[in-house]
Amino acid sequence: MRVLLIGKGGREHALAWKLSQTAEHVFVVPGNGGTASMASNVSNIANIAMSDFQGLVTLARDLAIELVIPGPDDVVVDGIADFFGAAGIPCFAPSKAAAMLEGSKTFAKDFMRRYSIPTAEYRNFKLYDQAKEYLSSINDRVVIKVSGLAAGKGVVLPETKDDAQQELREIMVDRKLGDVGEEVVIEEFLSGDEISILTFSDGYDFKSLPPGQDHKRIFDGSRGPNTGGMGVYGPTDFVSRELMTQIEKEILAPTLGGLQTDETNIFHSGTILRDGHLETAGGRVFAVSAVRRTLPEAVEAAYEGVRCITFPGMQYRRDIASRGLESM
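Number 40 in the working numbering belongs to position 40 of the sequence shown; there are no gaps in the numbering.
Following this line, the structure appears as structure tokens:
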């Protein structure tokens, strides 16, 4: 099998190391110094950005690629699996819709609440003044998380209320993390041992690897700010078979079930697929349809889908279902 890895970090190096043991040929775009010793770095033969999905599709066809594996979170959240799928090239990654669980903490928390999946109590905020007022009104310790992707640095654990207010201002006003700070989740602080469960799914069933424990803080003793990860070990010795069964029953199975039933579909009306690239053809281009348990949830889900679509001259109404919402 000829495999194309997308990325330039340690994750891609590890994948290249393992895949090179069985695959016919492994290509990595752009790759790094480590991947160069066991695979073919595409940066040596072509200059293609990881965000250039059409360029990557063309490259995959030129190299007769049979499987694409993207590593970075952002390209997965941006819908690379959907793009390669439309081009008829298998891609090992979740769809853009499913990747919202990683791309938006607001979406993920609301998803968990919607499907009764255990999670810390929380509030979402887009306005700084409202978030600031909420922090002032509570006494319990909190965790502040930016909603979007922040390379593992979007979670802060302030020790005091003053620290929390300062962190909130730096995120939402000073934008120390950029535009991902325009929306935050403030949730209750939970104490205990943290575990990570890596689970694979075909959309119907799932299989989990043994649990591991991530070490996210920068200093020994789990002190200092969070990072993208300082190290991990597994399997852990404090996750019993009974606890793993509980995790599968109360978290993993409901999550998969929610993804199966949490239907948001994008129906094409005015599009053309040309050389593997989706193009608009004028008129009404897309219709986004969402099915949820309540009208407000369906409206929010539909407009969440709309926000995932961009093209020149795009126009859509922002008041669909307003009559129904007003009468509730």
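For glycine and all other residues, C-beta sits at the position ideal for the given N, C-alpha and C. Quick caveat: nothing in here was measured; it's all calculated off a predicted structure.
CA-to-CA, the gap between E121 and S20 works out to about 44 angstroms.
Runs of the alpha helix (DSSP H) lying entirely within the segment 248-286, each at least 4 residues long, are 253-261 in chain order. Contact between the segment 283-293 and the segment 305-322 is present, with at least three C-beta pairs closer than 8 angstroms.
Beyond the five residues adjoining it in sequence on each side, A97 comes within less than 7 angstroms, by CB distance, of T264 in the same chain, given in chain order. With a cutoff of 8 angstroms on beta-carbon distance, A39 and A16 are scored as near each other. Taking the CA atoms as reference points, E187 sits about 28 angstroms from G234. Boundaries of the beta strand (DSSP E) around G231: 223-233. In this structure, the straight-line span from the alpha carbon of I247 to that of G313 is close to 46 angstroms. Ranked by Cα distance from G88, the options L325, I65, F267, I251 are led by I65. Judged by pairs of C-beta atoms under 8 angstroms, the segment 162-182 does not touch the segment 214-224, as fewer than three such pairs exist.
Annotation: P296 is outside any beta strand (DSSP E); the continuous alpha helix (DSSP H) that includes it extends over 295-306. As computed with DSSP, A290 is found in a beta bridge with T264. Of the other Cβ atoms in all chains shown, fewer than 16 fall within 10 Å of the Cβ of M1; this residue is therefore exposed.
For S147, the closest C-alpha among the options Y134, G270, F125 is that of F125. Taken through DSSP and simplified to helix, strand or coil, I186 comes out as strand. In the structure shown, the three-state DSSP call for S147 is coil.
Counting only residues of its own chain and dropping the five nearest sequence neighbours on each side, M112 has a CB closer than 6 angstroms to the CB of T119. The beta carbon of P254 lies closer than 6 angstroms to those of Y115, I117 in the same chain, with the five residues before and after it left out.
Here the alpha carbons of I171 and P158 stand approximately 13 angstroms from one another.
Scanning L149, I48, T35, L135 for the CA closest to the CA of V76 turns up L149.
According to the DSSP assignment, L59 belongs to the alpha helix (DSSP H) that extends over 53-62.
Short of 7 angstroms from the beta carbon of A281, and not among the five residues preceding or following it, lie these beta carbons of its own chain, in chain order: G270, T271, I272. In the DSSP assignment, K207 forms a beta bridge with F200. Counting other Cβ atoms within 10 Å of its Cβ, T22 stays below 16 and is therefore classed as exposed. Between the C-alpha atoms of F206 and I251 there is a straight-line separation of about 12 angstroms.
According to DSSP, residue pairing for F84 in a beta bridge does not occur.
When the beta-carbon positions are compared, P211 and V232 stay at least 8 angstroms from each other. G71 is the residue among G71, F83, R123, G85 whose C-alpha sits nearest the C-alpha of R11.
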